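Residue numbers (my numbering), protein chains in the order written: chain A, 4 to 343; chain B, 4 to 343; chain C, 4 to 343; chain D, 4 to 343. All C-beta atoms in this analysis are idealised placements derived from N, C-alpha and C, irrespective of residue type, glycine included. Remember, it's a predicted structure, so these values are computed and weren't measured experimentally. For reference, the structure discussed in these notes is given below.
Protein chains: 4
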Amino acid sequence: MSCVVEPTRVLVAGGSGYTGALAARLIDRHPQFDLAAVTSRSDAGLKLTDLYPHHRVDVVLTELDLDRTDDHEVDAAIVAYPHGAAAPVVAALRARGVRVVDLSADFRLRDRDSYEHWYGEHGAPELFGSGVYGLPELYARQIAVADLVANPGCFPTATLLALAPIARSGTIIDVVIDAKSGVSGAGRAPTQKTHFVSMDENAMAYGVGAHRHTPEIDQELAVLGAPVTTTFTPHLMPLDQGELVSCYVTTSEPWSQERLDKAFGEWGQEHPFIELVAAPPGVRDVRDTNVCSIYARADARTGKLLVFAAIDNLWKGAASQAVQNLNLMFGLPETLGLEP
Amino acid sequence: MSCVVEPTRVLVAGGSGYTGALAARLIDRHPQFDLAAVTSRSDAGLKLTDLYPHHRVDVVLTELDLDRTDDHEVDAAIVAYPHGAAAPVVAALRARGVRVVDLSADFRLRDRDSYEHWYGEHGAPELFGSGVYGLPELYARQIAVADLVANPGCFPTATLLALAPIARSGTIIDVVIDAKSGVSGAGRAPTQKTHFVSMDENAMAYGVGAHRHTPEIDQELAVLGAPVTTTFTPHLMPLDQGELVSCYVTTSEPWSQERLDKAFGEWGQEHPFIELVAAPPGVRDVRDTNVCSIYARADARTGKLLVFAAIDNLWKGAASQAVQNLNLMFGLPETLGLEP
Amino acid sequence: MSCVVEPTRVLVAGGSGYTGALAARLIDRHPQFDLAAVTSRSDAGLKLTDLYPHHRVDVVLTELDLDRTDDHEVDAAIVAYPHGAAAPVVAALRARGVRVVDLSADFRLRDRDSYEHWYGEHGAPELFGSGVYGLPELYARQIAVADLVANPGCFPTATLLALAPIARSGTIIDVVIDAKSGVSGAGRAPTQKTHFVSMDENAMAYGVGAHRHTPEIDQELAVLGAPVTTTFTPHLMPLDQGELVSCYVTTSEPWSQERLDKAFGEWGQEHPFIELVAAPPGVRDVRDTNVCSIYARADARTGKLLVFAAIDNLWKGAASQAVQNLNLMFGLPETLGLEP
Amino acid sequence: MSCVVEPTRVLVAGGSGYTGALAARLIDRHPQFDLAAVTSRSDAGLKLTDLYPHHRVDVVLTELDLDRTDDHEVDAAIVAYPHGAAAPVVAALRARGVRVVDLSADFRLRDRDSYEHWYGEHGAPELFGSGVYGLPELYARQIAVADLVANPGCFPTATLLALAPIARSGTIIDVVIDAKSGVSGAGRAPTQKTHFVSMDENAMAYGVGAHRHTPEIDQELAVLGAPVTTTFTPHLMPLDQGELVSCYVTTSEPWSQERLDKAFGEWGQEHPFIELVAAPPGVRDVRDTNVCSIYARADARTGKLLVFAAIDNLWKGAASQAVQNLNLMFGLPETLGLEP
């Protein structure tokens, strides 16, 4: 008797943006996933290589045809739609039994009022709150059995990986998060803001006091044991991929460097994509990988804990984390197809 | 008896693009020019500082109102409109007696068929060919008495300054021009091409065999004494301002390095913005200046002459050269307001 | 009777580094200062244009010859030596009656123990603490009569300008400063850290919990009315010139946006180089200027005050601020030669 | 009977430079090669991850110990030493039966006088000229049986791949090559030239008329059928990895676009790493791959052929091409471990 493992067929919905296109590439190269189709609302008919020559994914973008997903032609989907537009597509895919990793914010928040405050009306209220928060380092077991996984935002990903070992202690009383992102984080749409000449030799804060990743960070920190109102400010830097979060943590009791090292040491040992480093990480060190590189210091002078975490916003902050989630959902090793 | 020199009042038409905005800045700071107004078709009502904070020109962009130019409120204009759209505006300004420096290509070419081949129908045929080619290092006397000056393209500017001393000898039989420009050369309009992520860590040729600056270069080289069909290929580089042309010249007779040095030495001495340098110039050396930096070598191995010239495409390639032209037109020192 | 104002003769000692070379350029172009000489320990004999073609300062670097300063050939000096090495040179210049603006940290701190802790033994203990802290927006009157001005560090400059209007209220109880600097801040010495390939597409924190600008910030905040132990972390970004400080301020009482606007409005009106802006400033907006651009928000959600300030680290963070100080010291308008 | 394929054990000699380190990474991830050791003259004792965190190769750099290669512990070596220093090491490895791919220029040239003219005395004269020129697209059969392969220079690689289909026709009479390289091409040594601030926003020619890759290009073009003296000028661009050659070819007879397409079409079909593209390639399209992307035009206006080829200078220009050579030498598929 021969036993052949059928590859899992994965649809990427919304493949013309940066994260969807990268997800298509990662699925295309994955040893156990087959790329069923890549859809695009704006660019159907074009080849993905016309938009992204460097991804070398030889498929033609198509319109999303949900009927094709009926006949077991698609086992799973990565949905890379904008916030708000994602929910109805996710709902339709779920109705056809497709297991979904959603890159949007539509299923990340658990508080309906908060969602509506930050994002407006929800596009699939019956599914609101039913997603598992797809940060594998925190929710691997739940992800493994989930049918709908809400892939975290890029800033929450880096922040929560940086703070989890401290947050779990229940000692955090205040957090300031100063985040820096490359320009790909602003998306593929050409605007004055993303014009080369606008960002070259430039850097600035944006979304001051009003970035939508804030409630997501607060929600998950509370789950971990740190029910604080964080101060979160993203900045744009003149580089393409890469994200650095600098976290300034006030605790209710002093932490020694030893305690900090121990907490992070355990954290790093459990999780293959967490790298603890001996000097503040550069975003270049994690470019094109699913790795989160972390450096944590107990600052005796101020009593604060300082944690710096670097990820690639398009990879661990979006597309490769989606593949990590799919690996877990389909019983595969977490690192399959994502070895750095 | 007191003698007060009235400042010349200069209008900048089309101030929301990179070159128009810079022209406005240079006029605003100029000791003898007053900035009469800055107009914009797309952004009237906005302040120039909203579009270009770093220029610090405190004016509100207005619609172009030609009637206001009647009452001697405007002595001169720099027109920074796209090719084709410039000609009618230039004609209207000329009809009101305003002396014009036009940044477009509309009055650069002297062959009507060639213009129509490269640009389409001309917007003010009665004025076609009536402009003086505004390269001050070649046409200073004509510019001084001109009412309509056609400011050269950025690539022709660098190329002609690099080749003039050789072209005048009548010995050029072939020229290959490999040009490299920063992204500001592609204009302010946000497109996939000018998106930060598209150009970051990137470089490529464009307009291969078909760039509109080609007939302009050929026309002026012929005037200088080199009636050749040049091979001209521009490239984009990942920087904002700066342009480098690398010229590979085949001559009908051998040139020694001494002859080359002599030809360029005289060229440099006559012209305050020509800098002859002892090593291939970097575009950074001329950034934010009206300088053209040149390095010329006679290559004994191949018999070719190699000339490298660097300019700032927005300055000497457009806006500051327009001011240099205005200086000449109004009897002022060529360098006034443009000291590097 | 004719009255000719003699120009002030200014020596730049240490002109081969980024800040000294820029100081030489600014003095060279200044309407009331003459560039007496530019000295260099490492590059004497070279021309400044060989090291910095874009500065176009046509002088030969010389060894520092203190005797030449005796005969009233030098009225003032900008000293751009490394910390520790500056103090003896400053002392020697002072002994000859030369008024000095020192770019190093040697005369910034007022606590001797603190200096020795952060920098080691002082090179001119008899002068320790005798300098006026050269932040013109805070100490203009003292600077005007000072013979020794300690030019602030780049990070303290941006931070203090960002926090002064709040600090004076006496309500600050905690400050987190997340600072981002371009690579020129790391100095001209070529190292692995400053190699293009190391910093391109990269960003990272450095000097975590241990940057020497920390005691300087704390000292001056205390003088202003905020005796706090700040958390200060600098980061490197992949750009050449530019510095952004993001300040997260906890106060003992709530501030409304109105109160914040009023405090900063007065601050901006008094000082020509302070620009208050309506959106978070980009470092590109202040490049090659002496301007500090500031954006301040009262964050109702967290109760914190968020202040973002951008400067050019080589200009307002060093060389042009030195010229601003010299202007004050010699009774000239603060902005002379520094108009943005 | 079980048949286990023993992996080939590969030494990387000179692993602290950019190309050696990347070679170590590619061998480390290769399905059929084992990384036997990585040696370094300057950094022995350090971990490779200390120098290159992003490569994630967990080995300690060692001194080269040739005796360890005796006992069949090493089957092959990639030597990444500077020109001149490579030859003796290659000779010593060959004496021990190790098959070598040498990244230096020491075994590329076949004319001894030419080598000595461009590089000085040769370090292993008995082996001079015995290497096979390691451009797999030209010499696959010879490489397969070679014991010493001279990996081409990065510029010759791109140039020869761009020109081979034309050169073979015997119709080339003149070639101008304008090459542009990222800063990694200048090597890892920190110098003023490679300082971030020197190259940021900059671009310039270098080695004008005197670059050492010139004789290598000429030699191989002659073998192909184009015995010309090429004009070759490299330029530096402000990016890290990537190389673009723009070739301007004069032929003895006219070429139609059809003929050109046919010649390149066959070229592309035979070689898995040759990509023919429909628009001038950007270097970003081939970053971190072994691909050479080519665009060729017959310019009716000038009669010249214009060919543009993009590679990653560290990959196809050095380290991944070495692995491609090793694949051929050990009977493996050319693309193994190098799939883009």
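Check, Outcome
"Members of the stretch 196 to 209 of chain A that neighbour chain C once the beta carbon cut-off is set at 7 Å", "204, 205, 206, 207, 208, 209"
"Residues from the stretch 153 to 178 of chain B in contact with chain C, defined by Cβ distance under 8 Å", "none"
"Chain-ordered neighbours of residue 227 of chain A on chain C, where CB pairs are closer than 7 Å", "What residue 227 of chain A touches in chain C: nothing, since even the nearest Cβ is about 19 Å away."
"Three-state secondary structure assigned by DSSP to residue 119 of chain D", "helix"
"Extent of the continuous beta strand (DSSP E) run through residue 40 of chain B", "36 to 42"
"Whole-angstrom distance between residue 152 of chain B and residue 71 of chain B, CA atom to CA atom", "22 Å"
"Inter-stretch contact at 8 Å, needing at least 3 Cβ pairs: the stretch 49 to 63 of chain A / the stretch 21 to 34 of chain A", "yes"
"Three-state secondary structure (DSSP) of residue 300 of chain D", "strand"
"Below-8 Å beta-carbon distance, residue 343 of chain C vs any chain D residue", "no"
"Proximity of residue 277 of chain A and residue 164 of chain A at Cβ, strictly below 8 Å", "yes"
"Residue(s) in a DSSP beta bridge with residue 50 of chain C", "C:63"
"Inter-residue spacing [alpha-carbon to alpha-carbon] between residue 339 of chain A and residue 33 of chain A", "7 Å"
"Partner residues on chain D for residue 62 of chain C, Cβ-Cβ distance less than 9 Å", "The premise fails here: residue 62 of chain C is roughly 20 Å from chain D at the closest Cβ pair, so nothing lies under 9 Å."
"Cβ-based burial, residue 176 of chain B [other Cβ within 10 Å; buried from 16]", "exposed"
"Proximal residues, the stretch 16 to 30 of chain B versus chain A, C-beta separation under 7 Å", "none"
"Test: residue 69 of chain B CB closer than 8 Å to a CB of chain D", "no"
"Near the ligand PLP: residue 202 of chain D beta-carbon under 7 Å from a heavy atom", "In the structure shown, the ligand PLP is absent, as is every other ligand, since no ligand is present at all."
"Proximal residues to residue 259 of chain C (C-beta, below 7 Å), its chain only, five neighbours per side dropped", "301"
"Between the CA atoms of residue 84 of chain A and residue 23 of chain A - distance to the nearest angstrom", "8 Å"
"Span separating the alpha-carbon of residue 146 of chain C from that of residue 136 of chain C", "8 Å"
"The alpha helix (DSSP H) enclosing residue 142 of chain A, as first and last residue numbers", "139 to 147"
"Integer Cβ distance of residue 178 of chain C from residue 231 of chain C, believed to fall under 8 Å", "6 Å"
"DSSP-derived helix/strand/coil call for residue 172 of chain D", "coil"
"Backbone CA spacing between residue 17 of chain D and residue 128 of chain D [nearest angstrom]", "21 Å"
"Below-8 Å beta-carbon distance, residue 4 of chain C vs any chain A residue", "At residue 4 of chain C the pLDDT is 42, less than 50, meaning the model places this residue with poor confidence; the figure from the coordinates comes in the next sentence. By this cut-off, residue 4 of chain C is not an interface position."
"Contact set between the stretch 266 to 286 of chain C and chain B, restricted to residues whose Cβ is under 7 Å from the partner", "none"
"Under 7 Å (Cβ pairs) to chain A, residues found in the stretch 179 to 195 of chain C", "179, 181, 183"
"Cα-Cα separation, residue 50 of chain C to residue 82 of chain C", "19 Å"
"Of the listed residues A:264, A:13, A:21, nearest to residue 315 of chain A (C-alpha basis)", "A:21"
"Buried/exposed call for residue 68 of chain C, threshold 16 Cβ in 10 Å", "exposed"
"Proximal chain A residues relative to residue 243 of chain B, where beta-carbon distance stays under 8 Å", "199, 200, 203, 204"
"Exposure label - residue 268 of chain A; buried when at least 16 CB within 10 Å", "exposed"
"C-beta neighbour in chain C for residue 57 of chain B, strict 8 Å", "yes"
"Burial state of residue 243 of chain B, where buried means 16 or more other Cβ atoms lie within 10 Å", "buried"
"Residue interval of the alpha helix (DSSP H) (run including residue 31 of chain A)", "21 to 32"
"Under 8 Å between C-beta atoms of residue 101 of chain D and residue 80 of chain D", "yes"
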